[in-house]
Each structure stands twice: as C-alpha cells, then as structure tokens.
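J.:
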Amino acid sequence: MRSEEGRGEMDLRTTVKNGVLYLEDPVDKEWNPHFFVLTQNKLFYTDSFHGDEEADDDGENEEDENHSGFQRPKEGVPNDELHFGEKWFHGKLAGGRSEAEDLLRKYSRLGDGTFLVRESETFVGDYSLSFWRQGKVNHCRIRSKQDRGQTKYFLIDSNCFDSLYSLITHYRSHPLRSQEFLITLKEPVPQPNKHEGKEWYHPLATRSTAEELLKKVPSEGAFLVRPSDKDHNAYTISFRAEKKIKHCRIKVEGRLY
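Counting the sequence shown from 1 gives a position; our numbering is that position plus 1.
1) Please classify His248 as buried or exposed, where buried requires at least 16 neighbouring CB atoms within 10 angstroms.
2) Beta strand (DSSP E) containing Ala242: first to last residue?
3) Would you call Phe182 buried or exposed, if buried means 16 or more other Cβ atoms sit within 10 Å of its Cβ?
4) State the Cα-Cα distance for the pair Ala206 and Tyr108, rounded to the nearest angstrom.
5) Once DSSP output is grouped into helix, strand and coil, what is the label at Phe116?
6) Please report the straight-line C-alpha distance between Glu66 and Thr185, rounded to a whole angstrom.
7) Would you call the CB atoms of Val253 and Tyr236 closer than 9 Å?
8) Could you pull out every unbroken beta strand (DSSP E) segment of at least 3 residues lying fully inside the stretch 197–237, listed in chain order?
9) Provide the residue span of the beta strand (DSSP E) that contains His84, from first to last.
10) Just curious, the beta strand (DSSP E) that His248 is in, first and last residue?
11) Which same chain residues, not among the five before or five after Tyr258, have their C-beta less than 6 Å away from its C-beta?
12) Fully enclosed by the stretch 135–185, which beta strand (DSSP E) runs are 3 residues long or longer?
13) Identify every residue that forms a DSSP beta bridge with Lys33.
14) Apply the 10 Å Cβ neighbour rule to Trp89 and answer buried if 16 or more other Cβ atoms are within range, or exposed otherwise.
15) Which of the three DSSP states is assigned to Ser99 in this structure?
16) Have a look at Leu83 and Ser121 and give me their C-alpha separation to the nearest angstrom.
17) Suppose you measure from the CA of Pro193 to the CA of Glu200; what does that come to, to the nearest Å?
18) If I measure Cβ to Cβ from Ile246 and keep anything under 6 Å in the same chain, skipping five residues before and after, which residues do I get?
19) Taking three-plus beta-carbon pairs below 8 Å as touching, is the stretch 172–181 in contact with the stretch 144–155?
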C-alpha cells in the first residue's frame with residue numbers, strides 16, 4: 002500500500018493495527034468486509050475483501066470479473082476526469098518535453114501516429130499532445146477556454162470539445178490537419194512500469210514461491226507483488242494477515258491499477 006501524500010512507501014510493520022473492517026454499503030445496507038491498515042494518522046482499506054477465500058487471485062474459486070479489480074464507471078464521471086484512466090495520458094512528466102520525446106523514440110516501432118498526452122509545462126491547465134511522424138517527434142498545445150461556464154478543449158478554435166477525452170477520441174478517428182501534414186492518432190505510448198526494480202516486486206515469483214518467501218517473514222503486513230498466474234495483464238499482491246497468507250489480484254485498466 003502507498004500513501005499518496007508525499008509519495009512515500011508505507012512500511013506495514015510499523016502500523017498500529019491491520020485486519021478486516023466491516024463497512025455498511027449505503028445502497029444495499031449490507032455490511033461488507035474490507036482489509037484495512039491503520040497508521041498513526043491514516044486509515045487505508047481495500048475496495049473489497051473475502052476473508053473466507055485465501056486465494057482471491059489464483060484459486061479455483063476465482064471471483065467473477067465484475068466484482069474484482071477496478072472498473073471505470075461509464076456514467077457520472079466529470080468531464081475533466083474522463084482521461085485519468087486512459088493509457089495515453091501520462092500526467093505531468095518529470096522530464097517534460099524531452100522525456101516525451103524519449104518515450105516516443107523508444108516506441109517509434111509502433112509507427113506514425115503513436116502518441117501521448119501530458120500536462121503542459123508552460124501553460125497551467127492546458128495539455129500537450131506529442132506524436133511520432135516520419136521519424137520525428139511533433140508537439141501540439143491543447144488549449145482550453147471557458148464558454149458559458151464550461152471548459153472547452155481545442156487544437157483549433159473552430160473545433161472545440163467538452164473534455165480532453167473527447168478531443169483525443171475524435172482525432173483517433175478523424176485526421177489532425179495542418180499546413181504540413183495530415184495524420185490520425187494511432188497507438189498510445191505505453192505507461193512506464195515504475196514497479197520494476199522495486200524490492201517488493203518479484204517478476205518471476207509464482208503463488209507457491211510467494212508463499213514460501215512469506216513463510217520466512219513472520220510479520221503481519223509482510224507482502225510482495227508478482228505477475229498474476231492466471232492473467233498476464235494483471236498482478237497479484239501476496240501478504241500476511243490474520244496469521245495467514247492471502248492473495249489479491251491487482252487489475253490494470255489503462256494507466257490505473
């Protein structure tokens with residue numbers, strides 16, 4: 002688990018308490034279990050937890066896909082948040098423009114139209130579209146303006162969109178035109194695998210090897226992350242809780258886990 006504030010890693014060995022917390026669902030009024038970790042000033046808990054199943058991820062009684070992992074809601078998401086989970090959105094790149102260019106060169110094999118969107122370094126609230134074309138990286142500023150109390154996004158003033166998401170969706174099926182070229186956005190640049198190289202990530206571990214490793218660390222909250230045995234697009238967190246070793250799937254959708 003991570004603490005978003007400060008972006009530091011949380012050492013579960015120093016937590017005040019961890020276990021299963023029951024919360025009442027506001028809709029169906031049922032009490033549902035959640036695995037939780039309590040620190041000196043924060044409470045962290047999972048979306049769902051099934052205490053009777055030690056093998057949420059890899060066991061024979063695997064949960065239904067609709068009840069595990071992250072599902073981006075199709076309705077009710079604010080327009081300015083629709084792009085958050087998209088693979089092509091890279092947020093604020095630490096290296097800015099140069100990092101975007103490095104990423105596009107790295108994935109240039111995907112061909113012309115390979116692209117990413119990032120937060121603008123210069124214009125707060127605006128974005129930059131970077132794409133690969135004929136052996137070069139191109140950058141376009143995605144501008145924004147207020148129109149009757151609503152934010153509109155555009156590359157050209159005559160073609161505005163209600164959200165960044167709808168703008169990119171449009172140019173993935175309609176060509177982006179300029180005096181020099183005509184291009185349609187194709188493949189997004191993949192998100193970097195920032196977990197690789199972390200001490201808690203074990204790329205070659207299976208369910209059985211994870212359990213063997215965790216048996217050697219008799220501390221509540223000891224954990225490791227590994228690729229899922231069943232789904233090559235997912236991961237599994239294996240951890241010690243309630244004197245047992247448990248496994249939960251970490252699903253990936255776009256850039257979100």
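Where a beta carbon is used, it is the ideal one built from N, C-alpha and C, also for glycine.
These figures come from a predicted structure and were not determined experimentally.
T.: Reading it off the structure:
1) Counting from 1 along the sequence shown, the entry for residue 248 is found at position 247. Buried, since its Cβ has 16 or more Cβ neighbours within 10 Å.
2) Within the sequence shown, the letter at position 241 stands for residue 242. First-last of the beta strand (DSSP E) with Ala242: Ala235 to Ala242.
3) Locating residue 182 in the sequence shown gives position 181, counting from the first residue. Exposed.
4) Along the sequence shown, one-based indexing puts residue 206 at 205. Along the sequence shown, one-based indexing puts residue 108 at 107. So the two alpha carbons sit approximately 28 Å from each other.
5) Here residue 116 refers to the residue found at position 115 of the sequence shown. Three-state result, Phe116: strand.
6) What you label residue 66 is simply residue 65 of the sequence shown in a count that begins at 1. What you label residue 185 is simply residue 184 of the sequence shown in a count that begins at 1. Residue placement at Glu66 cannot be trusted, given a pLDDT of 37 that sits under 50; what the coordinates show is reported in the next sentence. Between Glu66 and Thr185, the C-alpha separation is close to 33 Å.
7) By 1-based counting over the sequence shown, the position of residue 253 is 252. By 1-based counting over the sequence shown, the position of residue 236 is 235. Yes.
8) 224–228
9) By 1-based counting over the sequence shown, the position of residue 84 is 83. Careful: His84 lies outside any beta strand (DSSP E) and carries neither H nor E.
10) As a working note, residue 248 is residue 247 in the sequence shown. Start and end: Lys245 to Lys252.
11) As a first step, residue 258 must be located in the sequence shown, where it is residue number 257. Once the five neighbours on either side are set aside, the close Cβ partners of Tyr258 are Ile251.
12) 137–148 and 151–155
13) As a working mapping, residue 33 is identified with position 32 in the sequence shown. Reading off the sequence, residue 33 comes out as Asn, not Lys. The partner list for Asn33 (beta bridge, DSSP) reads Leu24.
14) Start at 1 with the first residue of the sequence shown, and residue 89 comes out as number 88. Per the 10 Å Cβ criterion, buried.
15) Your numbering for residue 99 matches position 98 in the sequence shown. Ser99 falls in the helix class under three-state DSSP.
16) Reading the sequence shown from its first residue, position 82 is the one you call residue 83. Reading the sequence shown from its first residue, position 120 is the one you call residue 121. C-alpha separation (whole angstroms): 18 Å.
17) Reading the sequence shown from its first residue, position 192 is the one you call residue 193. Reading the sequence shown from its first residue, position 199 is the one you call residue 200. One C-alpha to the other measures close to 17 Å.
18) As a working mapping, residue 246 is identified with position 245 in the sequence shown. Excluding residues within five positions, the ones whose Cβ falls inside 6 Å are Glu212 and Leu215.
19) no
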